[in-house]
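The numbering of the sequence shown is my numbering, which starts it at 40 and goes up by one.
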Amino acid sequence: MDEETVSPMKKLTKLVTHTSYQFFDSFVNDTEEKAKNVRKQGEFVLELQKAAAKDSLVVLQVRENRLSNKHETVSGWVATKTVEKERVMIRLRNDEQQIRMIPIEQIEKITSLSPSGEQERLSR
Numbered sequence: 040m041d042e043e044t045v046s047p048m049k050k051l052t053k054l055v056t057h058t059s060y061q062f063f064d065s066f067v068n069d070t071e072e073k074a075k076n077v078r079k080q081g082e083f084v085l086e087l088q089k090a091a092a093k094d095s096l097v098v099l100q101v102r103e104n105r106l107s108n109k110h111e112t113v114s115g116w117v118a119t120k121t122v123e124k125e126r127v128m129i130r131l132r133n134d135e136q137q138i139r140m141i142p143i144e145q146i147e148k149i150t151s152l153s154p155s156g157e158q159e160r161l162s163r
């Protein structure tokens, strides 16, 4: 009989401990993931600013939205000499009169090709 009363208590203790651990683990990992994304976004902004300064052609692999696995490729030149933290304006290669605003957080890969032939790549 003593085993029966201890068993539910052990189960409850194990459940609470496991749940607390999962909560803490997800909190820590989520914080690390956010910090990693912020760092990567900063690297992307710097890469795009270098491309703008060199008047490099950029090819971007862009994710449609955070939940989607669909990607599209956008190529062109950075339309301004300074790149904002949240978005970049690209003058499209196939229609230089058209400008497209792309959120930095949706960019998965950047390849830039300078007029001198230098090529740089950066990806998440």
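In this text, a Cβ means the ideal position worked out from N, Cα and C, and glycines have one as well.
In chain order, what residues of the same chain have a beta carbon less than 7 angstroms from the beta carbon of serine 153, not counting five sequence neighbours either side?
Lys93, Ser95.
Taking Cβ positions, are glycine 115 and arginine 132 nearer each other than 8 angstroms?
Contact: yes.
Which term fits threonine 112, buried or exposed, when burial requires 16 or more other beta carbons within 10 angstroms of its beta carbon?
Per the 10 Å Cβ criterion, exposed.
Spatial neighbours of glutamate 86 within its chain, please: CB distance less than 8 angstroms, with the 5 preceding and 5 following residues excluded, ordered by chain position.
Correct list, in chain order: Ile149, Ser151, Glu159, Leu161.
Whole angstroms are fine: how far does the CA of serine 46 sit from the CA of threonine 56?
Going from the Cα of threonine 56 to the Cα of serine 46 covers about 15 angstroms.
Is lysine 93 helix, strand or coil by DSSP?
Helix at lysine 93.
Please list, in chain order, all residues of the same chain as lysine 109 whose beta carbon is under 8 angstroms from its beta carbon, the five residues on each side excluded.
Counting only Cβ-Cβ distances below 8 angstroms, and skipping sequence neighbours, we find Arg102, Glu103.
Among Lys120, Leu51, Glu125, whose alpha-carbon lies nearest the alpha-carbon of glycine 81?
Residue Glu125 is the option with its Cα nearest to glycine 81.
Quick one: is isoleucine 138 buried, meaning 16 or more other Cβ sit within 10 Å of its Cβ, or exposed?
Exposed is the call here.
DSSP beta-bridge partners for serine 114?
In the DSSP output, where bridge partners are listed per residue, serine 114 has Val98.
Report yes if the CB atom of lysine 79 is closer than 8 angstroms to the CB atom of arginine 163, and no otherwise.
Yes, the Cβ-Cβ distance between lysine 79 and arginine 163 is below 8 angstroms.
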